[in-house]
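One rule links them: number in this note's numbering = place in the sequence shown (from 1) + 331.
Single-structure report; data block below.
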Amino acid sequence: MDSIEAITPIDGRYRAKLTHLVKYFSEYALIKERVRIEIEYLIKFIEEVERSKAVLLPSDWKNILRKIYQDFSLKDAERIKEIEKKVAHDVFAVIKYLVERLDPLKLHILKPYIHIGLTSEDVNNLAYSLILNRFNREVLVPALLKIVDKLSSISLQNIDALMLARTHGMPAVPTTFGRFIVNYAYRIAKILEEIANTEFPGKLGGAIGDHNALKFVYPEIDWLSFSRSFVESLGLTYFPAPTQILPHEQLSSYLMKVAILDSVSSNLCRDLWMLSMTGYIFFPSSQDEVHSSTMPHKSNPLLLENAEGAFDLASEILSYMSRRLLSSRLHRDLSDSVIKRFYGLPLSLTYMALQNLESSLDKMQVNRERMSSEVEKHPEVLSEAYQIYLRKHGHPEAYEIIQKVIRENPEKTIEELEKILTSEELEDLARLSSSEYLGEAERIVKILTQEIRMIKNRLSKGD
332 MDSIEAITPI DGRYRAKLTH LVKYFSEYAL IKERVRIEIE YLIKFIEEVE RSKAVLLPSD
392 WKNILRKIYQ DFSLKDAERI KEIEKKVAHD VFAVIKYLVE RLDPLKLHIL KPYIHIGLTS
452 EDVNNLAYSL ILNRFNREVL VPALLKIVDK LSSISLQNID ALMLARTHGM PAVPTTFGRF
512 IVNYAYRIAK ILEEIANTEF PGKLGGAIGD HNALKFVYPE IDWLSFSRSF VESLGLTYFP
572 APTQILPHEQ LSSYLMKVAI LDSVSSNLCR DLWMLSMTGY IFFPSSQDEV HSSTMPHKSN
632 PLLLENAEGA FDLASEILSY MSRRLLSSRL HRDLSDSVIK RFYGLPLSLT YMALQNLESS
692 LDKMQVNRER MSSEVEKHPE VLSEAYQIYL RKHGHPEAYE IIQKVIRENP EKTIEELEKI
752 LTSEELEDLA RLSSSEYLGE AERIVKILTQ EIRMIKNRLS KGD
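Structure follows, in structure tokens:
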């Protein structure tokens, strides 16, 4: 199928940007992971339960088995899909495929032990957790580190870039562009740390989680210890209280953290868009790019807008998934299965949005002069300083005094205050300028960028 025939833009319009995610979220990736889990389980079962069979096998039998998933090809996956058409069960098709593979490898005595004591969800829950774990470690966390680095760098470069802060859309007090950006850098870094430290769960339990069949046939084996050992050998955290399924709390927590990340990042996109609208920042386009079919002059923040939309859509889908997947009827129903198959949609959208945000930050240019002149146009932004100063010097109605003066004629605030202030007080207020009324803005940038460095150091040690 050509990408132009794809049903969703993920596999159509945006396919070229997301091709490398195929190894995490495609049907092929899921099938390959199932094959791997079945083989690793079979190896552990022979080593620890049916040890007598091991002496009948070639000395390199484990390597032979592992080559099945190490060399797993699209053709192999297609064979499994052919089997599935007949048996109408995706995991059972994997079992039948493995049975086919053992005869040519002279490992036929292992056939009875493929998938023994397992239910499909034992395989599926491990496959999904392993896939999500790899995506998180190999794709999402590195992408977030790049965003945090870029935001931190921009904040330091603009630590003293005077900017008018706005609350409710209206002029508030002066700040710096660096202080504005470091807020997002720090917030995203904190979420990044939580996401990076996610422990992905897994379980084994058989039909309803109690290992009924295995305990009946092999009563001498501690199946709870066996299960814990197997799950942890895959790099997952063992969950001891399954039904037929792995309860979704830990994965829901992960999905919700990514949803929160998406919402924060979308807010950043909107804020940058509004600053672009005011002329504080701009995103130059290349000579050949067309940003309007009718207005040749247009140079729009297209990547930023694309990122915002993708973040919003991803956040909504992930939020729904995290809530819905907490629910399962009694010991299991199949309604969760179709939802889990779409993990790749919101996570791919998240990654694509991060890439577009990164490209926007690379292009972004800051108009310091425009920012500074905007502050100077609003002398009323010093009203807070004036009224706090008057309070300190014993004026109980300081707020009302300044409010009246500012609203009547902000340009002549100092002149009006001559009527009620001493010459020393007037001199103090007259010396105050908007460009100096920045509080702890610059210090906060330095503190937060140091906090971000500490977060990154903790993450690097965790690796």
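Backbone N, C-alpha and C define an ideal beta-carbon position, used for all residues, glycine too.
> With burial defined as no fewer than 16 other Cβ atoms inside 10 Å of the residue's Cβ, what is the status of A347: buried or exposed?
Replying inline: Within a 10 Å sphere around the beta-carbon of A347 sit fewer than 16 other beta-carbons, which makes this residue exposed.
>> Report the start-end ranges of each alpha helix (DSSP H) in the stretch 745 to 790 that is 4 residues or longer and not cut off at the edges.
In response: If we require 4 residues or more, the alpha helix (DSSP H) runs fully inside the stretch 745 to 790 come out as 754 to 762.
>> Excluding the 5 residues flanking S607 on each side, which residues of the same chain have their C-beta closer than 8 Å to its C-beta?
In response: Excluding residues within five positions, the ones whose Cβ falls inside 8 Å are F613, F614, P632 and L635.
> So what does T574 bridge to, in DSSP terms?
Replying inline: Under DSSP, T574 forms no beta bridge with any residue.
>> Judging by CA-CA distance, which residue of P389, V562, I526 and D602 is the nearest neighbour of I798?
In response: The requested residue 798 is not part of the displayed model; the chain covers only 332 to 794.
>> Are there any heavy atoms of the ligand SAM lying less than 8 Å away from the beta-carbon of V736, as far as the coordinates show?
In response: With respect to the ligand SAM, the structure shown offers nothing to examine, as it has no ligands at all.
>> What would DSSP say about A360, mapped onto helix, strand or coil?
In response: Residue state, collapsed to three classes: helix.
>> Can you tell me whether S650 is buried or exposed? The criterion is at least 16 other CB atoms within 10 Å of its CB, across all chains shown.
In response: Around the beta carbon of S650, 16 or more other beta carbons sit within 10 angstroms, so the residue counts as buried.
> If you draw a straight line from the alpha carbon of S624 to that of S617, how long is it in whole angstroms?
Replying inline: Low local confidence applies: a pLDDT of 45 at S624 is under 50, so the model's placement there is unreliable, with the coordinate-based value given in what follows. Answer to the nearest angstrom: the Cα atoms are 16 Å apart.
> Does the Cβ of D391 have 16 or more other Cβ atoms within 10 Å, making it buried, or fewer, making it exposed?
Replying inline: Taking every protein chain shown into account, the CB of D391 has fewer than 16 other CB atoms within 10 angstroms, so this residue is exposed.
> Quick one: any contact between the stretch 526 to 533 and the stretch 736 to 749, if contact means 3 or more CB pairs under 8 Å?
Replying inline: Three or more beta-carbon pairs separated by less than 8 Å are not found between the stretch 526 to 533 and the stretch 736 to 749, which leaves the two stretches without contact.
> Is there contact between the stretch 551 to 558 and the stretch 585 to 601, where contact requires at least three CB pairs shorter than 8 Å?
Replying inline: No contact exists between the stretch 551 to 558 and the stretch 585 to 601.
> Can you list the alpha helix (DSSP H) stretches of 4 or more residues lying completely in the stretch 487 to 565, in chain order?
Replying inline: If only complete runs of 4 or more residues are kept, the stretch 487 to 565 shows the alpha helix (DSSP H) at 508 to 527, 543 to 548 and 554 to 564, in order along the chain.
> What three-state label does DSSP hand V697 in the structure shown?
Replying inline: Assignment of V697 by DSSP, reduced to helix, strand and coil, places it in the strand class.
> Okay, do the stretch 457 to 476 and the stretch 660 to 679 touch, 3+ Cβ pairs below 8 Å being the bar?
Replying inline: Yes: the two stretches touch, three or more of their Cβ pairs being nearer than 8 Å.
> Leaving out five residues before and five after N637 in sequence, what residues of the same chain have Cβ atoms less than 7 Å from its Cβ?
Replying inline: Excluding residues within five positions, the ones whose Cβ falls inside 7 Å are N687.
> For G448, does the count of other Cβ atoms within 10 angstroms reach 16, so buried, or fall short, so exposed?
Replying inline: Buried, since its Cβ has 16 or more Cβ neighbours within 10 Å.
> In this structure, does DSSP put T681 in helix, strand or coil?
Replying inline: In the displayed model, T681 falls within a helix according to three-state DSSP.
>> Taking the alpha-carbon of R497 as reference, which of Q401, K393, I786 and T507 has the nearest alpha-carbon?
In response: Residue T507 holds the alpha-carbon nearest to the alpha-carbon of R497 among Q401, K393, I786 and T507.
> How long is the line joining the alpha carbons of G537 and N543, rounded to whole angstroms?
Replying inline: One alpha carbon belongs to G537, the other to N543, and they sit about 7 Å apart.
>> Quick check on the burial criterion: 16 or more other C-beta atoms within 10 angstroms. Buried or exposed for H579?
In response: By the Cβ neighbour-count rule, H579 is buried, with 16 or more other Cβ atoms within 10 Å of its own.
> Does DSSP classify T568 as helix, strand or coil?
Replying inline: T568 falls in the strand class under three-state DSSP.
>> Using C-beta distances below 7 Å, list every residue in its chain close to S451, excluding the 5 sequence neighbours before and after it, in chain order.
In response: Closer than 7 Å at Cβ, skipping near neighbours: V422.
> Bridge partners of F613, per DSSP?
Replying inline: Beta-bridge pairing links F613 to Q696.
> Which of helix, strand or coil does DSSP assign to S624?
Replying inline: Legend: pLDDT at S624 = 45, less than 50; position of this residue unreliable, value from coordinates given subsequently. Three-state DSSP puts S624 in coil, outside helix and strand.
> Taking Cβ positions, are K354 and L685 nearer each other than 9 Å?
Replying inline: Taking C-beta atoms as the reference points, K354 and L685 fail to come closer than 9 Å.
>> Only counting the same chain, and skipping five residues up and downstream in sequence, which positions put a Cβ closer than 6 Å to that of L475?
In response: For L475, the CB contacts under 6 Å within the same chain, skipping 5 residues up- and downstream, are L523 in chain order.
>> Looking at D667: is its Cβ nearer than 9 Å to the Cβ of S679?
In response: Contact check for D667 against S679 fails: the beta carbons are separated by 9 Å or more.
>> Tell me the residue span of the alpha helix (DSSP H) that contains A716.
In response: A716 -> alpha helix (DSSP H) spans S714 to K723.
> Taking just the CA atoms, how far does A527 sit from V425?
Replying inline: Straight-line Cα distance between these residues: approximately 32 Å.
> Helix, strand or coil for V386 per DSSP?
Replying inline: Of the three classes helix, strand and coil, the one that applies to V386 here is coil, per DSSP.
>> Considering only the alpha carbon of each residue, which of L471, E767, K787 and G540 lies closest to L352?
In response: The option with the nearest alpha carbon to L352 is L471.
>> I'd like to check one pair, A419 with V479: are the Cβ atoms closer than 9 Å?
In response: Not in contact: V479 and A419 (Cβ atoms no closer than 9 Å).
> Between A520, E525, I552 and I445, which lies nearest to M587 when the distance is taken from Cα to Cα?
Replying inline: The shortest Cα separation from M587 among A520, E525, I552 and I445 belongs to E525.
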